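Numbering (the working numbering), first residue to last: 78 to 412. Here's the structure we're looking at; comments come further down.
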Ligand code: COA
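See the structure below:
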């Protein structure tokens, strides 16, 4: 049986970091490729431009850069990191990219692994890492969300390619025996509605030798039923957050910031309205980055922390949602 090393009751938040590729693709530029317009994309999604990986950018590299900046903010010696969890649906290595990030960081006392839950991935990874910390097994963890969906969308499908971009974000979290700044959380999945959003393997039948088949690898581009995903998000996200407020004896008026998965400005506005959280508290940067999947929440938090919007002791309600279908929420106190 695993021996509990530390007597911990909670986690605190010590640092944030992020990274996006340099290459920018604007709406006007996409309209040279597919039949769309800046006006259509802007009014339906709020997105103006997104970052697209080029040679040298991949989930390992982006995740490493984000983790490094979070570690610098936390002022940690990399050797003191016990755990690295990478949330990604587009790893550079399908066997797992987190150990490569560990190696690049030189965090050789940490254990590192990948976790996949699409756009809910960062939240699921944060909650997973927190449980190891609260359980007393580990003290310091880096949680990363990084995705490179530009490699997996169909650049001829105007209904989906306009939405996505690439990037990474990370948080540094530490176990504490005094308080718990992960005030509460909830996680849900519904595989029955999984067909609304997929990135499936092709599994094309081929043969090894006569009479012995195998299914060749590779992935089909992202398939999305935009309207159903939209309806799912605007229905489920307010419900999971309302339930979380009830469970934790919090209410929307005690929330300083709402940090939602950055999928669509209309989804952000609708959730904010339903929860009666005023617009200026609903953080948004999707105009610049689009939907970076597992990266959106830490990318948004890092921007808000570094621009002094999210400050120590601020209450942040956050929710991730997406393929699976999966969705989750967490209420945190920054610091
Ligand atoms: N440019 C111009 N026209 C477009 C277009 C584009 N990029 N994409 C779709 N259209 C057209 C459609 O073909 C349709 O035309 P039609 O009426 O002639 O058939 C029309 O616009 C309306 O399409 P619809 O799908 O109803 O648009 P919408 O208002 O639902 O917006 C999304 C589409 C994708 C922006 C929206 O559904 C959405 O954001 N859904 C959530 C997706 C999401 O967040 N996914 C990730 C979750 S993690």
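We put the CB at the ideal spot given by N, CA and C, even for glycine. Bear in mind that the values here come from a model prediction, so they are computed numbers and not experimental data.
As DSSP reads the structure, residue 100 sits in no beta bridge. Taking the Cα positions, residue 234 is about 21 Å away from residue 365. Non-local beta-carbon contacts of residue 151 in its own chain, meaning distances under 6 Å to residues more than five positions away in sequence, involve 91, 92, 249 in chain order. The C-beta of residue 232 has fewer than 16 other C-beta atoms within 10 Å across all chains shown, which makes the residue exposed.
One thing to note: residue 175 has its Cβ no nearer than 8 Å to the Cβ of residue 155.
Only exposed fits residue 304, as fewer than 16 other CB atoms lie within 10 angstroms of its CB. By the C-beta criterion, the region 265-273 is judged not to be in contact with the region 332-340, since fewer than 3 inter-stretch pairs fall below 8 Å. Between the alpha carbons of residue 316 and residue 396 lies a distance of about 11 Å. Take the alpha-carbon of residue 264 and the one of residue 111: they are about 36 Å apart. Counting of Cβ neighbours within 10 angstroms places residue 299 among the buried residues, the total reaching 16 or more.
Ligand 1 has a heavy atom closer than 7 Å to the beta-carbon of residue 113. When secondary structure is reduced to three states using DSSP, residue 225 falls in the strand class. In the assembly as shown, residue 314 is a buried residue. Its beta-carbon has 16 or more other beta-carbons within 10 Å.
Judged by DSSP secondary structure, residue 350 falls within the alpha helix (DSSP H) whose first and last residues are 342-352. Counting the other CB atoms within 10 Å of its CB gives residue 138 a total of 16 or more, which places it among the buried residues.
Sequence-distant Cβ neighbours of residue 275 in its own chain, meaning closer than 6 Å and more than five residues away, are 300. The region 239-249 makes contact with the region 124-135: 3 or more CB pairs, one atom from each, lie closer than 8 Å. Under the DSSP assignment, residue 160 falls in the beta strand (DSSP E) whose first and last residues are 160-164.
Inter-segment contact for the region 209-222 and the region 157-172 is present: three or more beta-carbon pairs are separated by less than 8 Å. Counting only unbroken stretches of 4 or more residues, the alpha helix (DSSP H) elements lying wholly within the region 299-381 are 303-325, 342-352, 363-366, in sequence order. Excluding the 5 residues flanking it on each side, residue 400 has same chain C-beta neighbours closer than 6 Å at 195, 274, in chain order. DSSP lists no beta-bridge partner residue for residue 142. Counting along the chain, no beta strand (DSSP E) covers residue 255, and no H or E run does either. Within 10 angstroms of the beta-carbon of residue 289 lie fewer than 16 other beta-carbons, which makes it exposed.
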